[in-house]
Amino acid sequence: MCLFFTAVLLSAGCTGEEQSFAEQAATEFRSETSGYEDRVEFRFIPNTDEAATYSVTHTIERDVSWGTTIETREDVRYENISRSNPIEIVVPREDPSDGAAIEIEIRNTAGVVLHQSRTSVAPATPVPTPP
546 MCLFFTAVLL SAGCTGEEQS FAEQAATEFR SETSGYEDRV EFRFIPNTDE AATYSVTHTI
606 ERDVSWGTTI ETREDVRYEN ISRSNPIEIV VPREDPSDGA AIEIEIRNTA GVVLHQSRTS
666 VAPATPVPTP P
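In terms of our numbering, the sequence shown is residues 546 to 676.
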């Protein structure tokens, strides 16, 4: 009986289309965020050196806790994107204390979703330095 349950558990999730490790690695993105007094830079970097075209839908919010939307763009085409030339979205700050957030979906040219995330940046709290 235990052997039957083990076989069922091991076969769970093994149905449907599978991607090879190389295909999965080629579709992954990582994100980097940099905050400056006058802007926040969001970068989305594919895990490949080969340049490709992607379609991006994103929403940018200011005042992260309130969720004030300042921009929504759908199906923006980014060409020649690679590890050395990532997707970069810059959000100006009116004040260094402004927070910013981005919700993003990245698709390949076939329309397959490769990346979805929400990232927010709050202003840093200054730490006093001892005299």
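Using N, Cα and C, we set each Cβ at its ideal position, and we do this for glycine too.
**Message:** Looking at His660: is its Cβ nearer than 8 Å to the Cβ of Ile647?
**Reply:** In the sequence shown, counting from the first residue as 1, residue 660 sits at position 115. In the sequence shown, counting from the first residue as 1, residue 647 sits at position 102. Cβ distance not < 8 Å, so His660 and Ile647 don't count as in contact.
**Request:** Would you list the residues sitting across from Gly580 in a DSSP beta bridge?
**Result:** Here residue 580 refers to the residue found at position 35 of the sequence shown. Paired residue(s): Val585.
**Prompt:** From what residue to what residue does the beta strand (DSSP E) around Pro637 run?
**Reply:** Locating residue 637 in the sequence shown gives position 92, where the first residue counts as 1. Counting along the chain, the beta strand (DSSP E) containing Pro637 begins and ends at Ile632 to Pro637.
**Request:** Give me the Cα-Cα distance between Ala667 and Asp643, rounded to the nearest whole angstrom.
**Result:** Stepping through the sequence shown from its first residue, residue 667 is reached at position 122. Stepping through the sequence shown from its first residue, residue 643 is reached at position 98. Between Ala667 and Asp643, the C-alpha separation is close to 7 Å.
**Message:** The beta strand (DSSP E) that contains Arg618, what's its start and end?
**Reply:** To locate residue 618, count along the sequence shown from 1; it is residue 73. Residues Thr613 to Ile626.
**Request:** Keeping to the same chain, check which residues put their C-beta closer than 6 Å to that of Asp594; ignore five residues upstream and five downstream.
**Result:** Within the sequence shown, residue 594 is the residue found at index 49, counting from 1. By the criterion of a C-beta distance shorter than 6 Å, Asp594 is surrounded in its chain by Ser627 and Arg628, once the five residues flanking it on both sides are discounted.
**Prompt:** For Glu595, which three-state DSSP category applies?
**Reply:** Counting from one through the sequence shown, the residue named residue 595 turns up at place 50. Coil, per DSSP.
**Message:** Do Arg584 and Val635 count as a contact pair if the criterion is CB distance below 8 Å?
**Reply:** Your numbering for residue 635 matches position 90 in the sequence shown. Your numbering for residue 584 matches position 39 in the sequence shown. In contact: Val635 and Arg584 (Cβ atoms closer than 8 Å).
**Request:** May I ask you to report which of helix, strand or coil DSSP gives Glu648?
**Result:** Reading the sequence shown from its first residue, position 103 is the one you call residue 648. In this structure, Glu648 counts as strand in the three-state DSSP scheme.
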